[in-house]
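2 protein chains.
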Amino acid sequence: MAKLKIGIIGIGNMGSSHARYLINNEVPGAELTAVCDTNPERLRWAKEALSDRLQTYDNDNEFFASSGIEAVIIATPHYDHSPLAIKAFKQGLHVMSEKPAGVYTKQVREMNEAAKASGKVFGIMYNQRTNPLYQKLRDLVQSGELGEIKRTNWIITNWYRPQSYYNSGGWRATWEGEGGGVLLNQDPHQLDLWQWTCGMMPKRVRAFCGFGKYHDIEVEDDVTAYVEYENGATGVFVTSTGDAPGTNRYEISADKGKAVIENGKLTFYRLRQSEREFNREYQGGFGEPECWKIDVPIVGKATDHKGITTNWVNAIQNGTALLAPGEEGIKGLEISNAMHLSAWTDDWVDLPINEDLYYSKLQERIKASTFQKKHTGNRTLNVEGTH
Amino acid sequence: MAKLKIGIIGIGNMGSSHARYLINNEVPGAELTAVCDTNPERLRWAKEALSDRLQTYDNDNEFFASSGIEAVIIATPHYDHSPLAIKAFKQGLHVMSEKPAGVYTKQVREMNEAAKASGKVFGIMYNQRTNPLYQKLRDLVQSGELGEIKRTNWIITNWYRPQSYYNSGGWRATWEGEGGGVLLNQDPHQLDLWQWTCGMMPKRVRAFCGFGKYHDIEVEDDVTAYVEYENGATGVFVTSTGDAPGTNRYEISADKGKAVIENGKLTFYRLRQSEREFNREYQGGFGEPECWKIDVPIVGKATDHKGITTNWVNAIQNGTALLAPGEEGIKGLEISNAMHLSAWTDDWVDLPINEDLYYSKLQERIKASTFQKKHTGNRTLNVEGTH
């Protein structure tokens with residue numbers, strides 16, 4: 001079979017990282033043939049550092065129409081993910097979008113419709129779905145081992161970023177450039193894993209955001225959110241780029257026990273009798289169901305970005321099921337949008353959110369922005385081990 | 001020196017526990033000489049199980065006036081703590097109140113005033129303050145080792161109670177009998193330790209309560225609360241009697257690192273450079289301050305209820321400083337009242353709370369209660385290892 005011709009649009013931090021494993025032929029059946037970026041410096045870098053046979057483009061129309069690529073990885077700033085994906089689908093290309101799927105759900109819904117109409121393979125770079133820890137947690141929920149979920153609690157504050165990170169790119173951490181802060185840039189993986197492992201979305205959200213609390217930025221760098229689910233369960237999500245050292249601890253409490261992911265381990269506290277049943281039957285006053293602490297074996301390793309790209313290439317060439325279908329990108333984004341909206345309105349937000357209201361509130365912030373970044377020009381940072 | 005004559009009013013679960021160590025002469029310089037309870041069965045039990053020389057009383061007026069006691073431990077249902085303490089202070093008695101200090105702060109403020117006017121020694125049974133784990137955490141904050149606090153997060157869901165616990169006493173878990181659920185009965189220790197270890201009270205609270213969510217009761221058995229402090233820090237407190245197995249994990253994130261208490265251990269993640277300073281100075285984009293993980297040595301053991309009583313007796317006899325002054329009981333209660341009020345009004349609550357509003361909202365609930373408990377009479381439960 002001929003190799004799948006892949007192009008990358010956006011050769012910044014993440015785009016360069018995808019380019020490297022592709023150029024090294026680490027994804028079987030695929031080859032990187034073209035890249036596109038508006039910054040000529042990055043195109044020069046691609047020729048020099050990757051391959052001088054790479055085609056380079058400085059505008060997306062030409063790139064999509066003339067480069068001969070069959071599939072594209074979109075790794076531009078967030079706002080462009082959806083419009084570029086829509087263009088690519090119209091050109092008959094398969095699409096892999098970096099996270100987040102977009103900045104507001106209205107935009108992402110249009111992208112999902114374009115994907116459906118095209119019949120092409122649409123993936124999203126939720127590389128954390130390749131992590132066997134979260135796969136196993138999802139398995140505990142889906143298989144019924146955990147029972148009905150009562151509570152979710154994720155403290156994900158280990159996204160520490162110093163001010164120099166924010167100063168490294170003019171688009172970073174602005175309403176106009178990213179459409180948000182930690183929720184849009186750092187947390188899309190966790191927001192996705194949260195709903196993916198539980199198999200349920202919140203039905204309403206009450207969130208509290210600190211905007212520029214720890215950094216000289218206009219968007220949120222600190223969030224605490226409370227959510228309620230349809231089945232009565234509640235949840236908490238705490239995130240920040242201002243805590244050092246941060247915490248990454250995710251707990252699900254359920255009818256048949258509790259699962260905790262922390263320090264790269266999954267511990268299952270398994271009840272031998274359902275709590276609800278014990279509650280009804282036990283007559284002793286004090287007491288609780290017998291509980292076994294289980295270190296759940298985790299097999300394999302996260303295949304990460306390369307794994308997601310490989311899975312997408314296999315889906316294109318062999319019809320393999322996608323681990324992270326692009327259409328699911330809207331879920332985590334909707335939670336993120338709901339958190340923003342709740343903080344902005346200082347009120348509850350029901351899901352599905354009012355997309356038009358969100359869009360207009362976001363535009364208000366973009367228009368009202370008087371934020372001037374003291375940045376030192378666009379720097380490309382090495383992201384190895386950070387995403 | 002003659003032994004301090006102590007009486008106990010309320011010989012239920014907790015009162016019996018205090019009586020046992022006193023009757024065994026485990027508190028130097030003190031002796032249990034009288035007990036009071038409205039339930040004749042409990043008085044018979046006291047004579048039989050403790051000592052037939054014990055004076056027994058079935059009404060508090062006579063008990064305070066004629067028993068010859070110098071000091072009293074109040075271990076009645078919550079509502080009676082404040083009024084009984086006020087009576088006792090007027091009789092010139094030293095007072096140790098079980099937690100909570102009362103049910104609403106209006107009542108407790110009056111008790112504190114009576115204590116002050118009497119000049120007697122007033123303690124509260126915050127036995128968890130004798131726990132060297134929490135003492136050490138407080139030390140890390142007070143000594144400046146942790147630096148300015150940014151975030152507190154306490155998941156204290158290991159208060160599991162089955163329905164039979166609630167059925168064991170008619171007063172349990174009713175607005176009229178306890179004035180609340182998990183916040184009033186199980187959490188007073190943690191609500192106190194939360195503010196005591198941090199050395200600060202929230203300035204506003206947004207809380208979400210499930211009332212009778214996991215049990216056939218009318219009060220809250222599940223709470224998630226978000227708080228904000230004067231210095232800009234935020235906090236989360238999650239508690240429940242419906243989770244099995246529960247979690248007890250308390251984290252403080254601060255400018256010079258992070259402290260975590262879990263599984264009986266205190267871990268201090270110590271930054272070698274203040275995060276705020278690093279944030280300003282570091283120019284590398286990605287990166288964070290050097291961090292040392294430290295297992296903080298914990299010396300000694302919690303002396304618990306007996307320790308608090310001994311400390312109180314020493315304060316009476318030798319002027320030793322109280323570890324848990326009674327006047328501080330209002331702090332945790334105010335947080336608890338604020339959480340209720342926030343849930344009832346579905347809105348923010350500023351501290352100090354509107355005491356009259358709280359009182360009237362509580363009365364509404366008492367009046368509106370149609371709750372009929374399917375209880376099997378008042379049972380005295382063995383509380384060893386549970387409080």
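Chains A and B, in that order, give the protein sequences.
The opening residue of the first sequence carries number 1 in the UniProt record's numbering; numbering runs sequentially from there.
The opening residue of the second sequence carries number 1 in the UniProt record's numbering; numbering runs sequentially from there.
Where a beta carbon is used, it is the ideal one built from N, C-alpha and C, also for glycine.
Item: If I follow the unbroken beta strand (DSSP E) through residue 265 (chain A), where does it start and stop?; Value: 265–271
Item: If we ignore side chains and look at the alpha-carbon of each, how far apart do residue 51 (chain A) and residue 43 (chain A) end up?; Value: 11 Å
Item: So, is residue 10 (chain A) buried or exposed, given that buried needs 16 or more other C-beta atoms within 10 angstroms?; Value: buried
Item: On the CB-based measure, 16 or more other CB atoms within 10 Å of its CB, does residue 41 (chain B) come out buried or exposed?; Value: exposed
Item: At a CB-CB cut-off below 8 Å, which residues of chain A make contact with residue 234 (chain B)?; Value: 208, 210, 222, 224
Item: Using beta carbons (cut-off 7 Å, strictly below), is residue 229 (chain A) in contact with chain B?; Value: no
Item: Pick out whichever of A:342, A:310, A:352, A:368 has its Cα sitting closest to the Cα of residue 29 (chain A).; Value: A:310
Item: List the DSSP bridge partners of residue 153 (chain A).; Value: A:236, A:251
Item: Could you run through the region 155–186 of chain B and flag, in chain order, every residue whose CB is less than 8 Å away from some CB of chain A?; Value: 155, 157, 160, 161, 162, 163, 164, 165, 168
Item: Spell out whether any CB of chain C is found under 7 Å from the CB atom of residue 253 (chain B).; Value: Absence of chain C from the displayed structure is noted, the protein chains being A and B.
Item: Does the Cβ-Cβ distance between residue 98 (chain B) and residue 69 (chain B) come in under 7 Å?; Value: no
Item: Consider the Cβ of residue 258 (chain A): report whether some Cβ of chain B lies at a distance smaller than 7 Å.; Value: yes
Item: Output the distance between the C-alpha atoms of residue 326 (chain A) and residue 326 (chain B), rounded to the nearest integer angstrom.; Value: 59 Å
Item: What three-state label does DSSP hand residue 201 (chain A) in the structure shown?; Value: coil
Item: With C-beta atoms as the reference, is residue 419 (chain A) less than 7 Å away from residue 149 (chain A)?; Value: This structure gives no information on residue 419 (chain A), because the portion of chain A shown stretches from 1 to 387.
Item: Might you give, ordered along the chain, the residues of its own chain that have their beta carbon closer than 6 Å to the beta carbon of residue 292 (chain B), omitting 5 neighbours on each side?; Value: 270
Item: Should residue 225 (chain A) go down as buried or exposed, given a rule of 16 or more other Cβ atoms within 10 Å for buried?; Value: buried
Item: What residues of chain B sit near residue 214 (chain A), judged by a beta carbon separation below 9 Å?; Value: 150, 275, 276, 279
Item: Looking at the unbroken alpha helix (DSSP H) that takes in residue 228 (chain A), where does it start and where does it end?; Value: No alpha helix (DSSP H) contains residue 228 (chain A), which is instead part of the beta strand (DSSP E) from 220–229.
Item: Are the CB atoms of residue 89 (chain A) and residue 66 (chain A) nearer to each other than 7 Å?; Value: no
Item: Under 7 Å, CB to CB, which of the residues in the region 284–296 of chain A have a partner in chain B?; Value: 284, 285, 286, 287, 288, 289, 291
Item: In terms of residues, what are the limits of the beta strand (DSSP E) holding residue 215 (chain B)?; Value: Run containing residue 215 (chain B): none; DSSP gives neither H nor E here.
Item: In chain order, which alpha helix (DSSP H) runs of at least 4 residues are fully inside the region 266–326 of chain B?; Value: 275–281, 304–318
Item: Residue 369 (chain A) and residue 154 (chain A): beta carbons closer than 7 Å?; Value: no
Item: Let me make sure I understand the geometry here. Which of B:156, B:103, B:255 has the alpha-carbon closest to that of residue 355 (chain B)?; Value: B:103
Item: Is it true that the CB of residue 64 (chain A) sits closer than 7 Å to the CB of residue 91 (chain A)?; Value: yes
Item: Measure the CB-CB distance between residue 123 (chain B) and residue 324 (chain B) and report whether it falls below 7 Å.; Value: yes
Item: I'd like to know if the region 339–352 of chain A and the region 154–168 of chain A are in contact, where contact means that at least 3 CB-CB pairs between them fall below 8 Å.; Value: no
Item: With a threshold of 16 other CB atoms inside 10 Å of the CB of residue 384 (chain A), please say whether the residue is buried or exposed.; Value: Legend: pLDDT at residue 384 (chain A) = 49, less than 50; position of this residue unreliable, no value from coordinates given.
Item: Please report how far the alpha carbon of residue 307 (chain B) lies from the alpha carbon of residue 21 (chain B), in whole angstroms.; Value: 11 Å
Item: Could you please tell me which residues of the region 134–145 of chain B, in chain order, have their CB closer than 9 Å to any CB of chain A?; Value: none
Item: Take the Cβ of residue 345 (chain A) as the centre, count every other Cβ of all protein chains shown within 10 Å, and call the residue buried at 16 or more, exposed below.; Value: exposed
Item: Starting from residue 141 (chain B), follow the alpha helix (DSSP H) in both directions and report where the run begins and ends.; Value: 132–142
Item: If residue 136 (chain B) sits next to residue 266 (chain B), beta carbons under 8 Å apart, how far is it from one beta carbon to the other, in whole angstroms?; Value: 6 Å
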